[in-house]
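Residue numbers (my numbering): 254 to 651. We put the beta carbon where it would ideally sit given N, CA and C, even for glycine. Worksheet for the structure shown next.
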Amino acid sequence: MKKIVLAYSGGLDTSIIIKWLQTTQNAEIIAFTADVGQKENPAILEEKAIKTGAKKFYFKDLKNEFIDDYILPSLKASALYEDRYPMATSLSRPLIAKNMVDVARRENADAVAHGCTGKGNDQVRFELAFKSLAPELEIIAPVRVWEFKSREEEIEYAKKHKIPIDVTKKRPYSIDWNLWGISIECGVLENPWQEPPEDAYQITKSPAKSPSKPDYIEIEFNQGIPTAINGKNMNCLDIITLLNGIGGKHGVGRIDMIENRLVGIKSREIYEAPAATILHSAHLELEKLVIERELYHFKNIISKKYAELVYYGYWFSDFRKCLDAFVNTTQKYVSGIVRVKLFKGQCIPVGRKSKFSLYEESLSTYTSKDIFDHKASKGFIDIFGLPLVLEGKRNRKK
């Protein structure tokens, strides 16, 4: 009998996939769930997976690995897909795939399976990771080939086979949750003109109903890594957890965007990422203070490419590893403190300081403390603008 390791979330798709794979593949299913901060009860998940038909169930706490090896590199790279999305889902997929491969080898499995759709990005991320780490394994993607044409049909299948699910036709959202953010799809959200209903959001309060008094948070970084909040040293997991709570209270981190998927279609995506939004904002502000202008501008280019590689599923590529080497070099002086104001859905940097700061008040001030040589600017402009002078002369001859 074939043995298949399934990426199991306990949601609608993976719940019915167990039964579907058993029926169509005559297979023994091993369900694998990664704890990346989604607050799932492993005992409940295991009971559900076994009751649904899984032969074995693996649950692995990957939160610290997720932070150290995936979140922090992307934070240091300032990687935001299309300048907005902190890629919580994109970053978790290669981590889950890597650990699925470990389980597959331990169990002598023939194949790995996932519950991604044929027009989503996650199918690419999972499968490129599988191909990179274990090209000998067969990859099965039931949602791409099965008979169901809608989530409503899947719900009916679940009811028919007495498969417990938490989705209803009235609230048919597809939700992916981890400690770096939440992605929410389906239902009324598929209409880009429709404002997201409040029941779609999981951890953020409506900005209109958030506190009327702001919170000020001081975030300390050491070489690009957050290390303390308001002067208290904390590990990154506790920092992210704390900022998700405080940011969510103020409605910070809601993202509603039209996104260019890898497969070529545009999709309307809703995200909640309070901690990611706050940390990216503070980290970027500190970089502006300590990184030289040309290096800062070039790193912006690298950041976009880094985000694309993560979003496209190229996590295990040499390309991404080479970019990491560059990024880590840029973080040498990214140490200091940034003060942010959280208020009515906004995260606003209002203060920044570092012993490596390149800001010199005596050069920037317009007071009597000014030491900038204003007279030198004429010669600078003459030399800097010389190519334009020559172009202008040439163009007048025409």
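In terms of Cβ geometry, Lys309 and Ile283 form a close pair [threshold 7 angstroms].
Here DSSP, grouped into helix, strand and coil, assigns Glu391 to strand.
The way I'd put it, the stretch 495-515 doesn't touch the stretch 539-546; fewer than three beta-carbon pairs between them come closer than 8 angstroms. Inter-segment contact for the stretch 625-641 and the stretch 554-562 is absent: fewer than three beta-carbon pairs are separated by less than 8 angstroms. The residue among Glu522, Ala411 and Leu515 with its C-alpha nearest the C-alpha of Glu448 is Glu522. In this structure, Ile392 keeps its C-beta atom at 7 angstroms or more from the C-beta atom of Val354.
Contact fails between the stretch 268-277 and the stretch 289-296, because fewer than three Cβ pairs, one in each stretch, are under 8 angstroms apart.
Residue state for Pro479 is assigned as strand, using DSSP reduced to three classes. Scanning the stretch 567-637 from its first residue to its last, the whole alpha helix (DSSP H) runs of 4-plus residues come out as 571-583, 614-617 and 629-637. Of Asp577, Lys594 and Val516, the smallest CA-CA separation from Ala535 is found for Lys594. Non-local C-beta neighbours of Lys255 in its own chain, meaning closer than 8 angstroms and more than five positions away in sequence, comprise Gln278, Asn279, Ala280, Glu281, Asp363 and Ala364, ordered along the chain. For Leu328, the closest of Asn317, Glu318, Glu335 and Met340 by C-alpha to C-alpha distance is Met340. Note on geometry: alpha-carbon atoms of Lys574 and Leu325 lie some 14 angstroms from one another.
The residues Gly504, Lys597 and Gly598, in chain order, have a CB closer than 7 angstroms to that of Pro460 in the same chain once the five nearest residues on each side in sequence are set aside.
Within the same chain, and ignoring the five residues on either side of Asp288 in sequence, the residues whose Cβ sits closer than 7 angstroms to its Cβ are Phe312, Lys313, Asp314, Leu315 and Lys316. Counting along the chain, no alpha helix (DSSP H) covers Arg337, and no H or E run does either. In this structure, Lys351 is the residue among Gly368, His414 and Lys351 with its C-alpha nearest to the C-alpha of Pro388. Ranked by Cα distance from Ile470, the first of Lys462, Lys485 and Arg358 is Lys485. For Arg378, the three-state secondary structure derived from DSSP is helix. Contact annotation: Gly368 and Val396 have beta-carbon atoms nearer than 7 angstroms.
For Ser459, no beta strand (DSSP E) segment is defined, and its DSSP state is neither H nor E. In the three-state DSSP reduction, Asn352 falls in the helix class (H, G or I). For Ile435, the enclosing beta strand (DSSP E) begins and ends at Gly434 to Glu438. The bridge partners DSSP lists for Leu259 are Ala284 and Ala366. Spanning the alpha carbons of Asp429 and Thr342 requires a straight line of approximately 7 angstroms. Under a 10 Å Cβ-count criterion, Pro417 is classified as exposed, with fewer than 16 other Cβ atoms of the shown protein chains found around its own Cβ. Between the alpha carbons of Arg359 and Trp446 lies a distance of about 48 angstroms.
Counting along the chain, the unbroken alpha helix (DSSP H) around Arg404 starts and ends at Arg404 to Lys413. Nearest in C-alpha terms to Ile456, of all of Tyr586, Ser436, Glu473 and Glu443, is Ser436. Rounded to whole angstroms, Phe637 and Lys552 show a C-alpha spacing of 24 angstroms. Approximately 10 angstroms separates the beta-carbon atoms of Ile624 and Ser617; this is outside 8 angstroms, ruling out the contact. Cys600 is positioned such that its CB atom lies closer than 7 angstroms to that of Ile531.
Separation of the CB atoms of Ile590 and Glu400 is rounded to 57 angstroms, and the pair is thereby denied contact status at 8 angstroms. DSSP, reduced to helix, strand and coil, places Arg507 within a strand of the structure shown.
The C-beta of Ser621 has fewer than 16 other C-beta atoms within 10 Å across all chains shown, which makes the residue exposed.
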